[in-house]
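A.B. asks: The listed protein sequences correspond, in order, to chains G and Y.
Each residue of the first sequence is one higher than the last, beginning at 51 in this note's numbering.
Each residue of the second sequence is one higher than the last, beginning at 3 in this note's numbering.
Handing you a structure now.
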Amino acid sequence: MGEASPSHPLLELTRARVLEFVREREAVFWVFVFPVLLALALGVAFRVRPVEKLRVGVVGDEGGQVTAALRAAADLEVVLLPDGEAEQQRRAGKLDLTVLCQRGEGGEGGVRLRLDPTRPESRTARLAVREALGGSTPTLVPILAEERVTAPGSRYIDFLVPGLVGLNLMGSGMWGIGFSVVVARTRKLLKRLAATPMRRSHYLLSFALSRLAFLVLEVAAVVGFGWVVFGVGVEGPLAVLALVCLVGALCFAGLGLLVAARPRSIEAVSGWLNLVMLPMWLLSGTFFSYERFPAVTHGAIRALPLTALNDALRAVMNRGVGLTATLPQLAVLGLWGIASFVVAVRIFRWQ
Amino acid sequence: MKRFGEVTAVAHLDLEVQRGECFALLGPNGAGKTTTVEILEGLQRQDAGSAELLGHRWGEGHDLELRQRIGVQLQDTQLGERLTVFETVRLFRSFYARGREVNETIALVGLTEKRHARVGKLSGGQKQRLALACALVAQPEILFLDEPTTGLDPQARLQIWGLVERFRSEGGTVLLTTHYMEEAARLADRVAIMDHGRIIALDTPAHLVASLGAEQIVEFEAAGPLPLERLAALPGVRAATRRNGTSTLEVAAIGEALPALLAELQRFGVGIESLRTHQPTLEDVFIRLTGRALRDG
Ligand SMILES: Nc1ncnc2c1ncn2[C@@H]1O[C@H](COP(=O)(O)OP(=O)(O)O)[C@@H](O)[C@H]1O
Ligand SMILES: [Mg+2]
Chain G
51 MGEASPSHPL
61 LELTRARVLE
71 FVREREAVFW
81 VFVFPVLLAL
91 ALGVAFRVRP
101 VEKLRVGVVG
111 DEGGQVTAAL
121 RAAADLEVVL
131 LPDGEAEQQR
141 RAGKLDLTVL
151 CQRGEGGEGG
161 VRLRLDPTRP
171 ESRTARLAVR
181 EALGGSTPTL
191 VPILAEERVT
201 APGSRYIDFL
211 VPGLVGLNLM
221 GSGMWGIGFS
231 VVVARTRKLL
241 KRLAATPMRR
251 SHYLLSFALS
261 RLAFLVLEVA
271 AVVGFGWVVF
281 GVGVEGPLAV
291 LALVCLVGAL
301 CFAGLGLLVA
311 ARPRSIEAVS
321 GWLNLVMLPM
331 WLLSGTFFSY
341 ERFPAVTHGA
351 IRALPLTALN
361 DALRAVMNRG
371 VGLTATLPQL
381 AVLGLWGIAS
391 FVVAVRIFRW
401 Q
Chain Y
3 MKRFGEVTAV
13 AHLDLEVQRG
23 ECFALLGPNG
33 AGKTTTVEIL
43 EGLQRQDAGS
53 AELLGHRWGE
63 GHDLELRQRI
73 GVQLQDTQLG
83 ERLTVFETVR
93 LFRSFYARGR
103 EVNETIALVG
113 LTEKRHARVG
123 KLSGGQKQRL
133 ALACALVAQP
143 EILFLDEPTT
153 GLDPQARLQI
163 WGLVERFRSE
173 GGTVLLTTHY
183 MEEAARLADR
193 VAIMDHGRII
203 ALDTPAHLVA
213 SLGAEQIVEF
223 EAAGPLPLER
233 LAALPGVRAA
243 TRRNGTSTLE
253 VAAIGEALPA
263 LLAELQRFGV
273 GIESLRTHQP
283 TLEDVFIRLT
293 GRALRDG
């Protein structure tokens with residue numbers, strides 16, 4: 051960062067923005083550390099049981115042969131359950147895998163495995179069960195079929211992590227930009243910049259660009275944490291996840307600039323930021339699904355940028371959809387972002 | 003003319019700054035100095051009248067070109083505290099198509115040793131020199147300085163004065179505001195004295211002082227009151243005023259006036275508590291014109 055000849059003003063402004071951000075320790079905490087702590091706390095609080103033992107349900111094992119074979123495996127906890135009960139528990143994430151026993155037509159018995167392959171525990175359980183049942187030759191019990199049932203976001207943490215990514219993108223964009231702009235205004239730095247030939251749109255764009263510089267780290271912190279600690283995977287293409295985060299971050303950069311366009315004091319901008327974000331904290335389904343609100347409100351809720359971002363993130367991370375399925379949400383985010391940026395540039399108060 | 007609601011900040015202002023000149027607006031707080039320079043810098047719009055800079059008016063399509071050619075230091079701007087001196091100057095340099103090299107500018111304002119220090123860690127004088135660096139890095143034709151040394155200690159003030167003189171010696175034009183008469187007297191070729199939004203005198207510092215027609219100023223505090231008319235009528239005295247118990251005489255011939263004053267005090271039996279004399283300054287001009295001191299505001 052030492053070369054003396056300055057580059058393009060937009061790059062210089064962005065670099066200044068980035069340096070100012072990383073040199074503010076508190077901001078770094080709120081953007082990178084806090085969401086991870088939140089994910090940890092909530093993830094632990096809502097975890098159904100410890101992940102160490104894999105819980106396998108056995109249905110209809112009359113001879114007891116299957117149960118015995120599974121019990122022999124050290125890392126499996128085996129419970130005998132009626133079919134309906136087993137299915138209910140599996141859906142709730144209390145069972146990692148169900149073994150359905152079948153009496154064969156000609157005495158040739160076998161089992162079917164039912165599991166959600168998007169859950170890492172279920173995949174591990176599948177390996178353990180296959181090992182226990184068929185590892186040795188001759189095969190003890192033939193595995194006739196595998197039923198893959200994907201229940202996206204079946205655990206709370208699967209639901210939570212994308213929501214936290216969205217919430218974090220909103221918070222860091224709006225607080226980060228809102229505060230820096232208003233601080234620069236109260237310190238008359240904006241006025242000083244307005245006295246230079248700097249293009250005013252460059253100044254505003256530098257905020258959006260600096261957000262991109264942190265985007266990767268910000269998202270990686272939360273997603274990586276969720277993956278390592280709770281096994282929350284990204285089922286869809288990473289490129290689509292990246293695109294959704296990018297559009298989301300730009301959208302909230304625009305909104306942050308809009309909120310910060312006029313206020314003259316930190317108190318004023320804090321109030322406005324809270325006012326704008328509060329409905330989204332409550333309604334946009336970060337911590338619980340907005341499906342719980344009356345159906346008539348869903349349209350309006352989906353038009354909020356954070357809802358669009360959360361929905362798109364969940365679609366990519368939990369359900370593994372591709373680009374086309376996220377286009378409606380990307381459109382909502384894009385519209386909010388562009389509209390607020392354009393209005394912000396027009397009404398921006400430089401002094 | 004510029005109004006803020008009921009307040010008329012400046013009115014009936016008529017001044018012209020020559021190229022290569024250092025022009026000072028001298029006046030107390032609230033006189034309208036900042037409003038005047040900010041209109042010239044294109045940061046505020048006047049409500050009536052017109053301002054022309056380098057042959058152009060603001061808002062007529064030449065704004066960016068004008069901004070390329072001027073350097074500005076605003077009254078109490080605080081630059082970003084978390085950037086270093088070097089980063090700040092480089093940022094400002096990037097806005098200008100032409101200009102001075104970054105390290106050279108930092109050396110010019112004497113901050114080379116502080117190049118990598120955070121702005122928040124600089125002293126008041128260093129911050130002000132950095133503000134000057136941000137203006138000088140544009141290699142401007144005109145430098146606008148709004149109270150560049152207010153609140154600085156005498157040494158820091160001397161450093162700033164040196165920089166302004168150096169800029170001038172290279173042919174630059176300076177428009178400066180100040181409420182320090184020493185600053186105006188030292189730096190300016192011409193001074194406009196402002197009060198309540200108007201220019202009440204405009205000339206070279208020497209002419210302004212000479213207009214008093216006084217060789218010396220005598221100030222004294224006495225134990226009892228003396229009629230001002232009697233003081234003004236003393237030989238060698240041109241005018242007498244009194245503020246807060248201090249009487250001030252503008253004296254044309256100190257050799258006649260001082261003995262006469264002492265004799266007069268004796269005749270009335272009034273004891274003298276203190277007495278000072280000094281050469282007249284711009285401050286005395288301001289007092290003569292307004293009846294107030296500059297620092298009274
Ligand atoms: N933004 C503003 N709003 C209202 N009044 C203002 C504003 N700026 C300046 N004024 C008023 O205009 C007058 C001149 O102010 P200013 O130009 O800042 O004086 P100076 O720089 O000489 O101290 C003062 O009475 C001040 O209170
Ligand atoms: Mg001022």
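Note that beta-carbon positions come from the ideal geometry of N, C-alpha and C, so glycine has one too.
1. Whose C-beta lies closer than 7 Å to the C-beta of Gly-22/Y among residues of the same chain, with five residues either side of it excluded?
2. Given a cut-off of 8 Å, decide if Leu-154/Y and Leu-132/Y are closer than it, judged by their beta-carbon atoms.
3. Take every Cβ of the stretch 285–294 of chain G, pair it with every Cβ of the stretch 314–330 of chain G, and state whether three or more of those distances are shorter than 8 Å.
4. Closer than 6 Å from C-beta to any heavy atom of ligand 1: which residues, in chain order?
5. Under 8 Å Cβ to Cβ from Gly-216/G, same chain only, skipping five residues before and after it: list those, please.
6. Report the start-end ranges of each beta strand (DSSP E) in the stretch 124–165 of chain G that is 3 residues or longer and not cut off at the edges.
7. Just the C-alpha distance for Asn-218/G and Pro-85/G, rounded to the nearest angstrom, thanks.
8. Tell me whether Leu-214/G is buried or exposed, calling it buried when 16 or more other Cβ atoms sit within 10 Å of its Cβ.
9. With DSSP collapsed to three states, give me the class of Gln-218/Y.
10. Mapping DSSP to helix, strand and coil, what is Arg-65/G?
11. Would you say Asp-197/Y touches ligand 2, meaning its beta carbon is less than 7 Å from a heavy atom?
12. Taking 8 Å as the threshold (beta carbon to beta carbon), is Gly-82/Y in contact with chain G?
13. So what does DSSP say about Glu-275/Y, is it helix, strand or coil?
14. List the endpoints of the continuous alpha helix (DSSP H) containing Asp-208/G.
15. For Gly-228/G, count neighbouring C-beta atoms within 10 Å of its own C-beta (all shown protein chains included) and say buried if the count is 16 or more, exposed if not.
16. Roughly how many angstroms lie between the CA atoms of Gly-159/G and Leu-131/G, to the nearest whole one?
17. What is the DSSP secondary structure of Val-273/G, counted as helix, strand or coil?
18. Candidates Glu-143/Y, Arg-117/Y, Ala-53/Y, Leu-27/Y: which alpha carbon is nearest Val-74/Y's?
19. Relative to ligand 2, is the shortest distance from any of its heavy atoms to the C-beta of Glu-43/Y smaller than 7 Å?
20. Can you name the residues of chain Y whose CB is closer than 8 Å to the CB of Ser-57/G?
21. What does Glu-89/Y reach in chain G if we use C-beta pairs closer than 7 Å?
22. Using a cut-off of 8 Å between C-beta atoms, extract the partners of Pro-85/G located in chain Y.
23. Can you check whether the CB of Glu-252/Y is closer than 8 Å to the CB of Met-183/Y?
24. On the three-state DSSP scale, how would you describe Arg-120/Y?
25. If you check the beta carbons only, do Thr-174/G and Leu-104/G fall under 8 Å apart?
26. From the DSSP output, read off the bridge partner residues of Phe-337/G.
27. Just to confirm my understanding: we take Leu-233/Y, look at its own chain, exclude 5 residues before and 5 after, and list those with CB closer than 8 Å. What are they?
28. Kindly confirm or deny that the stretch 385–397 of chain G and the stretch 34–41 of chain Y touch, where touching means at least three C-beta pairs closer than 8 Å.
29. If Pro-59/G sits next to Ser-96/Y, beta carbons under 8 Å apart, how far is it from one beta carbon to the other, in whole angstroms?
30. Within 8 Å, do at least three Cβ pairs link the stretch 147–154 of chain G to the stretch 110–126 of chain G?
31. Less than 8 Å between the beta carbons of Arg-24/Y and Ala-190/Y, yes or no?
32. Step through the CB atoms of chain G and report whether any lies within less than 8 Å of the CB of Ala-135/Y.
33. For His-209/Y, which of helix, strand or coil comes out of DSSP?
34. Ser-249/Y lies in the beta strand (DSSP E); which residues open and close that run?
C.D. replies: This is what the structure gives:
1. Gly-173, Thr-175
2. no
3. no
4. Phe-6/Y, Val-9/Y, Ala-11/Y, Gly-29/Y, Asn-31/Y, Gly-32/Y, Ala-33/Y, Gly-34/Y, Lys-35/Y, Thr-36/Y, Thr-37/Y
5. Gly-298, Ser-334, Thr-336, Leu-356, Leu-359, Asn-360, Leu-363
6. 126–130, 147–152, 160–165
7. 7 Å
8. buried
9. strand
10. helix
11. no
12. yes
13. strand
14. 206–236
15. buried
16. 19 Å
17. helix
18. Glu-143/Y
19. no
20. Ser-96
21. Ala-66, Leu-69
22. Here the premise fails: no neighbours, minimum Cβ distance about 23 Å.
23. no
24. strand
25. yes
26. DSSP lists no partner for Phe-337/G.
27. Val-239, Ala-242, Ser-249, Leu-251, Leu-263, Glu-266
28. no
29. 4 Å
30. yes
31. Sequence inspection shows Cys at residue 24/Y; the Arg mentioned does not correspond to that position. Result yes, Cβ atoms of Cys-24/Y and Ala-190/Y sit closer than 8 Å.
32. no
33. helix
34. 248–253
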